[in-house]
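Student:
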Amino acid sequence: MLDISVVLAAPGWRAAVKRPEALARRAAEAALREAGASGAVTVLLTDDAAVKRLNSDHRSKVKPTNVLSFPAGMPGQLGDVALALGVVRREAREAGRKTSSHMAHLVAHGALHLAGHDHLEAGEARRMERAEARVMRRLGLPNPWRGIT
């Protein structure tokens, strides 16, 4: 069973993405189904300052990043995923992608981390990229890895 909650902490998400809560929920659900995972996940759609604080507090990196995943380590709880609006918007613009597609990809990426995927080594990275591409296809969105060498 999947229990996905979305918290919209930065209202700017609504200007950047049509129905951001629904898209985040669909992306997380598709990623967790892809991974065969079950449990509760919270997706936090917030701003760069909040993600910068989380990154600093939990990873000792004093800067915002696009997505952070926090595994729960408790039965029935997979964990939390947080996205930074400014970083996501900027990366989408630089890559020539829609903010909505990039957001969905990053939610899926974070959810796959919660389900046990990683990308520290080449083989792991390839498996995770393929899983992300399958999730995006299920969502009817472009493959984020197509055209990247």
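So the sequence shown is numbered by the working numbering: it starts at 1272 and just counts up by one.
Every residue gets a Cβ at the ideal spot worked out from N, C-alpha and C, and that includes glycine.
What does DSSP give as the partner residue(s) for residue 1312 in the beta ladder?
Tutor: 1275, 1350
Student: Is it buried or exposed, residue 1366, if we count other Cβ atoms within 10 angstroms and call 16 or more buried?
Tutor: exposed
Student: Once the 5 residues before and after residue 1347 are set aside, which same chain residues still bring their CB inside 7 Å of it?
Tutor: Cβ neighbours of residue 1347 beyond the five flanking positions: 1310, 1311.
Student: Got a sec, what are the start and stop residues for the beta strand (DSSP E) residue 1339 sits in?
Tutor: 1338 to 1345
Student: Measuring alpha carbon to alpha carbon, tell me which of 1343, 1338, 1342, 1345 ends up nearest residue 1359.
Tutor: 1338
Student: Tell me the rounded alpha-carbon separation between residue 1343 and residue 1294.
Tutor: 23 Å
Student: Distance, Cα to Cα, residue 1412 vs residue 1380?
Tutor: 14 Å
Student: Less than 8 Å between the CB atoms is what I'm expecting for residue 1357 and residue 1328, so what's the real figure, rounded?
Tutor: Not really, about 19 Å apart at Cβ, beyond 8 Å.
Student: Count the other C-beta atoms from every protein chain shown that fall within 10 angstroms of the C-beta of residue 1331, then say buried if there are 16 or more, exposed otherwise.
Tutor: Result: exposed.
Student: In the DSSP assignment, find the unbroken alpha helix (DSSP H) run with residue 1383 in it and report its ends.
Tutor: 1370 to 1385
Student: When you compare each of 1405, 1308, 1385, 1375 to residue 1288 by their alpha carbons, which one comes out closest?
Tutor: 1375
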